[in-house]
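One structure is given below, encoded as structure tokens.
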Amino acid sequence: MGDVDKGSSVVASTATTLDRLKRGQTATVTAVDIHGPQRRRLMDLGVLPGSRIHIDRVSPLGDPTAYLVRGSVIALRREQARGIHITVEQE
1 MGDVDKGSSV VASTATTLDR LKRGQTATVT AVDIHGPQRR RLMDLGVLPG SRIHIDRVSP
61 LGDPTAYLVR GSVIALRREQ ARGIHITVEQ E
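No gaps in the numbering here: position 40 of the sequence shown is 40 in my numbering, and each next residue is one more.
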């Protein structure tokens with residue numbers, strides 16, 4: 001766990017994968033461990049290292065999940081989200 005100084009408050013961060021992100025949490029993409037056409041699609045949609053991302057909606061059965069990234073809502077299956085590495089910000 002790392003600490004990031006944001007002005008007067010300190011924000012703790014935790015490294016994990018996108019499929020483990022909880023509602024209400026915000027994260028920053030650190031790496032995309034997906035290859036081929038799916039990787040290109042994700043990059044075109046704005047899922048790039050440094051992008052901030054959070055859960056927008058969860059389907060009734062829990063898969064897929066809609067995420068808000070760079071002003072767009074994208075739906076990803078759990079298997080795809082597992083290949084996206086993030087750092088979760090916890091205040």
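C-beta atoms are modelled at their ideal positions from N, C-alpha and C, and glycine is treated no differently.
With respect to the 8 Å criterion, residue 26 and residue 87 are not classified as neighbours on the basis of their beta carbons. Taking a contact as a CB-CB distance under 8 Å, the pair residue 60 and residue 76 does not count as one, their CB atoms being some 16 Å apart. Residue 56 places its beta carbon less than 8 Å from that of residue 68. About 5 Å separates the Cβ atoms of residue 83 and residue 33, confirming a contact at the 8 Å cut-off. Residue pairing by DSSP puts residue 57 in a beta bridge opposite 66.
Shown here, residue 82 sits in coil according to DSSP, grouped into three states, outside any helix or strand. Around the beta-carbon of residue 90, fewer than 16 other beta-carbon atoms lie within 10 Å, marking it exposed.
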